[in-house]
Every structure is written in structure tokens, then in C-alpha cells.
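To start, the structure under review is shown below, and the notes come after it.
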Amino acid sequence: MANLNINLAGIKSPNPFWLASAPPTNSGYQIMKAFDAGWGGAVWKTLGVPVVNVSSRYGAVNYRDNRMIGFNNIELITDRPLKDNLKEIEEVKKRFPEHAVIASLMVETREEWHQIMQDVTNAGADGVELNFGCPHGMCERGMGSAVGQEPKVLKTIVSWVKEVAKIPVIVKLTPNITDITRPALAAVEGGGDAISLINTIQSLVGVDIDNFVPYPVVDGKSTNGGYCGPAVKPIAMNMLKNCAQHPGVNIPISGIGGVENWRDAVEFILLGATSVQVCTAVMHYGFGIIREMKAGLSQYMDEKGFKSIEDFRGKALPNVLHWEDLNLKYKIVASINEDKCIGCQLCYTACEDGAHQAIGLSDDLLNRKPFIIEKNCVGCNLCSLVCPVEGCITMERRDDGKQHVTWAERTKAGNIPKTFNDELAGGLHHWVPEPDDAFNTRKPKHYKLGDGGIA
Ligand SMILES: Cc1cc2nc3c(=O)[nH]c(=O)nc-3n(C[C@H](O)[C@H](O)[C@H](O)COP(=O)(O)O)c2cc1C
Ligand code: SF4
Ligand code: SF4
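Written out as C-alpha cells, the structure reads:
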């Protein structure tokens, strides 16, 4: 049976699933309930200076049948009194000594950082997370992302915290920056013990087109908020990969952004995360999702023969290269499984209008099943992505696997194309229809059924 325990820079937890600092970690009541349900750790809703919140606070992107694929908030840090939070941290730690309780912090001056570090350490927190990410409200006051976007300031504040820190310090990064490795390196230089990413992405999720005001609406007005939820996962994973691959960022990482199930967690761990943090999914479905997450992760690890999280942490990183190091000789083409095809022709439309005119239709109008014209297929994947039938369009390899050459190697050898007519140019002999073929209604006449080629 797989061992799910983790140790992130000295912070131990019975599994890698932590609640992110947000409304689900607003109180001891919620965190005890979450630990009881199976969560391994929790980052307390950010503690700091007194604030005033507005209503409403949230907006969402609903996509077709799915609600909240993206979520946006204009909420600030906790508005509960510091002393209440400290008392509850103590109570949670007493009841759950083996679980990770991390205090998220955001204050301004060196003295305030020193004082709050002392307060949460005395309350028994296992670690702290410095919130340099909040993209609204707090940055206007010189905190949150205003710090996260300035690596020098970030480094200074981390070093202030480290002057007094007796527990591990995690630095939470904002994604609202071009190169995430710059603040990550600053966190390392400041003495941070770990980083976590991502906080929310600056956003406007929509506009009320009758009243001309974006969401969420506060008395007829709005402001930009922070975006999170499933929609941000690809951005979070790319930033995680950038940090995990950087030789200078040699401290543990807690991954955040769109994690909703055990598969998401596995992906984050494969890209270098030691723990994963979850906010939106819990706000949507509640603490109970942890049952499936723990069981799924455990089963995955057993099936793969991984005994601990460390056995597979970062395992995907060696497979993420720069574009110029990819094999230019690798050649795949689409293949349609006629038995599975339901004749919806979505693939035909996508390839015809949005790709390379490599899918043909039968002359027989009663036969709706399309066919691939291999010579035109560049192996872009589009048709297999739009096909609604699982496994109906597969990509098949056509090169013999013996050749391997990259753009970087070709550049070094001096055999890259210099002009568009150069024989070395990639698209030189690729067929495209004549412009007038656009007016042929059903399909260009030179598509011929069955021979996989062009008449
Ligand atoms: C309503 C709301 C409030 C949040 N408050 C905080 C906060 O106080 N401190 C903090 O560091 N992050 C805060 N976050 C950001 C989350 O901790 C997390 O970084 C982000 O939501 C991405 O994770 P997710 O996609 O699982 O939601 C908040 C997010 C939401 C949605
Ligand atoms: S892989 Fe791309 S080019 Fe080939 S058939 Fe599909 S959509 Fe067309
Ligand atoms: S999208 Fe898939 S199911 Fe639809 S016609 Fe193409 S291959 Fe068949």
C-alpha cells in the first residue's frame, strides 16, 4: 500500500492534499472538519492587517453545461480578529498534531512581520506561507502582488521574516508576472524554505451586457479580480514546470491552481510539486472530494509501483524540452476507426476550415463517414481533439523511428532553410487547394475516395 506522507521543507503531513488559503480555511471549525474528512494540511486564510470586504465578491465563467470552470474573486485577506485565528490555530494543532497547519501572512513593515511570525509560531503553526500574490485590494496598499511583482522587494521581505523564523517559510508567488522564475529565485535568495504557486490571475470574468458593468457587481460598479479554478490549471502547471526545472530554484514547491481530483494532483507531482493546494474545487463541491482524491492517488501509486510521493515527484520534468530540441523526423497522421465513427463530420469541418484540408467526404451522400487524405495530413491532432467518440481518431506513427534530428542540431550543422523556396523549408511541397476551390460546395473535386491521396 502506497505511503502518502510528505515532508515539505520540514512541514510534515499525512498526505499531499492541502487546503489553499481561502474561504475554506477561514476558521478552526472548517479546518477541523476538513482534517476529519481526510485533508492532510491547511493553509489558514491570510492573516494580517484589518480589512473591510465588499459584497458581492465572486464571479464565474460557466462553459456550456459546466458551472464555474473559472472562478474570480475580489475578496481580501481575513476580516476576522487575529486573536481569534491564533486561538483556533492552537486548538486545531492540539486536536490534529500530525496534520500540517500553515499560517498565511500578509503585513507591511519589518516590525509587523516579526511580530506576526512570533504570534503564529507561539500558536503552534507548522509553517508560514507569505502571501505575495493577492492581485486586488491589498496590492493598492503595497502588499500582495505589489510585492510578488518586485523580486528585490520580495527578497528583502523574505529575509526580514527569516531573521526571526523558527518554522519553515513558504513564499507564495503571483502569476501576474512575465517570468515566474525571477520571484522564485528572489525567494531562494531571501532564504525562503519553499515556494508555492500560483495565486490568482488578474481578470474580469464577464460583463453584464444589459447594465454595462463587469462581474462581480458592487452597487453598479466592479473591479478586476483574481482568477482560479480548472481554467487556470494549464497556466499553473507551466509556471510550476518553469520553477521546478530551474537549477537555481532548488527548494520544494507546493503546487496550486485548478486542482480538482487525484489526476490533477498526480500531474502536479509529476511536474515537481511536493504538495498540492486546493481552493475552488472545495468551494464548489465541499471537503468530501478528498475521499476520491486520496483513494485515486493511492491506487495510481500502487498500480505504478510507487511506494512514496518522492518516487514519482518530477518524473515528467525530463520530458519537457525547448521546442528546438524536439525530433523533427517524428511523423504521425490521423486514422479514423470506421467501426466507432458516428458520421458527425466534426473532424471534416475542423480540418477543412481550421487545419489542412486532409479529410475527405464520400461521393456517396448516404455515407457520412469521412476519410483521411494522408498526403495532406500534418499530424496536428485537431481532428482527434474535436471527435466526440473516445478512441475513434487515433494518431499513427509513419516514420521508422530511426531518425532523430532537432532544429537546434540543424542550426548547428548549418542546414536550416534560409528562404521559402529553399528545399529545406518545411511547407514547400505541401499541397493547398486552389483559392477557387473554396466555391466547390461539398468538397474540392480532386478529393478521391479511398486511395488516401489526391487525384
Ligand atoms: C475567494 C478566494 C479567496 C482567496 N483568498 C486568499 C487568501 O486570503 N490568501 C491567499 O494566499 N490566497 C487566496 N486565494 C487564492 C487561493 O489560495 C489559490 O491560490 C487560488 O484560488 C488558486 O487555486 P484554485 O484554482 O484551487 O482555486 C483566494 C482564492 C479565492 C477563490
Ligand atoms: S491531424 Fe490535423 S491535418 Fe491531419 S487530418 Fe487531423 S486535423 Fe487534418
Ligand atoms: S469526428 Fe469522429 S465520429 Fe465524427 S465523423 Fe469524425 S471520426 Fe467520425
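First residue of the sequence shown: 84, per the numbering used here; consecutive thereafter. For glycine and all other residues, C-beta sits at the position ideal for the given N, C-alpha and C.
Beta carbon of C434, beta carbon of C475: below 8 angstroms? no
Can you give the Cα-Cα distance for I442 and D482, rounded to whole angstroms? If you take the alpha carbons of I442 and D482, they lie about 21 angstroms apart.
Using 10 angstroms around the beta-carbon of M84, count the other beta-carbons present and answer buried if the total reaches 16, otherwise exposed. exposed
Report, in whole angstroms, the separation of the C-beta atoms of I199 and L188, which I expect to be a contact under 8 angstroms. 5 angstroms
Can H513 be considered in contact with ligand 2, in the sense that its beta carbon sits closer than 7 angstroms to one or more heavy atoms? Incorrect: H513 has no Cβ contact closer than 7 angstroms to ligand 2.
Residues of its chain near A327, where Cβ-Cβ distance is below 8 angstroms and the 5 sequence neighbours each way are ignored: I336, L354, G355, A356, G397, L400
For V271, is the classification buried or exposed, using 16 other Cβ atoms within 10 angstroms of its Cβ as the cut-off for buried? buried
Along the chain, where does the beta strand (DSSP E) that runs through F100 open and close? 100-102
Any heavy atom of ligand 2 closer than 7 angstroms to the Cβ of L465? yes
Which complete alpha helix (DSSP H) runs does the stretch 247-283 hold, if anything under 4 residues is left out? 264-272
Using CA coordinates, which residue listed in S228, P218, I392, Y146 is at the minimum distance from F289? Position check: residue 289 holds Gly in this sequence, whereas Phe was assumed. Closest by C-alpha distance to G289, out of S228, P218, I392, Y146, is Y146.
A538 (DSSP reduced to helix, strand or coil): Because the pLDDT of A538 is 37, which lies under 50, any placement of that residue in the model is unreliable, and the question is left without a value.
Whole angstroms are fine: how far does the CA of N282 sit from the CA of A183? So the two alpha carbons sit approximately 20 angstroms from each other.
Cβ of I284 within 8 angstroms of Cβ of P266? no
If you draw a straight line from the alpha carbon of E457 to that of N325, how long is it in whole angstroms? When rounded, the distance between both Cα atoms is 36 angstroms.
Check whether the Cβ of I455 sits closer than 7 angstroms to any heavy atom of ligand 3, and report yes or no. no
Nearest residue (CA-CA) to A417, options L409, H439, V403, N410: H439
Nearest candidate by alpha-carbon position, reference C362, set N333, G309, L404: G309
Look at the alpha carbon of L91 and the alpha carbon of G275, and state the distance between them as a whole number of angstroms. 12 angstroms
So for K116, helix, strand or coil by DSSP? helix
Considering only the alpha carbon of each residue, which of Q113, C222, A143 lies closest to V132? C222
Would you identify the three-state DSSP class for G216, choosing helix, strand or coil? coil
Verify whether the separation of the beta carbon atoms of L169 and V203 is less than 8 angstroms. A contact, by the Cβ cut-off of 8 angstroms.
Contained beta strand (DSSP E) runs [length at least 3] in the stretch 350-388, N- to C-terminal order: DSSP assignment within the stretch 350-388 yields the following whole beta strand (DSSP E) runs of 3 residues or more, N-terminal first: 358-361.
Indicate the three-state DSSP secondary structure (helix, strand or coil) for T569 in the structure shown. The displayed coordinates of the chain run from 84 to 538. Any statement about residue 569 would go beyond what the structure contains.
Could you tell me which residues DSSP puts in a beta bridge with G124? For G124, DSSP records a beta bridge to W101, A183.
Assumed close pair N410, T489 - CB separation to whole angstroms, cut-off 8 angstroms: 6 angstroms
Residue range of the alpha helix (DSSP H) that N168 falls in? 165-178
Beta-ladder partner(s) of P297, from DSSP: V290
For N156, which three-state DSSP category applies? strand
Let's test the definition: count the other Cβ atoms within 10 Å of the Cβ of Y431 and tell me whether it reaches 16, buried, or not, exposed. By the neighbour-count rule (16 or more Cβ atoms within 10 Å), Y431 is buried.
Helix, strand or coil for V230? Go by DSSP, reduced to three states. helix
Taking the straight line between their C-alpha atoms, what separation do you get for K528 and D520? A caution first: K528 carries a pLDDT of 43, below 50, which makes its placement in the model unreliable, though a value can still be read off. Their backbone Cα atoms lie some 8 angstroms apart in a straight line.
My understanding is that P97 touches E181, with C-beta atoms under 8 angstroms, so please give their C-beta distance in whole angstroms. 6 angstroms
To the nearest angstrom, how far is the alpha carbon of G142 from that of H367? 13 angstroms
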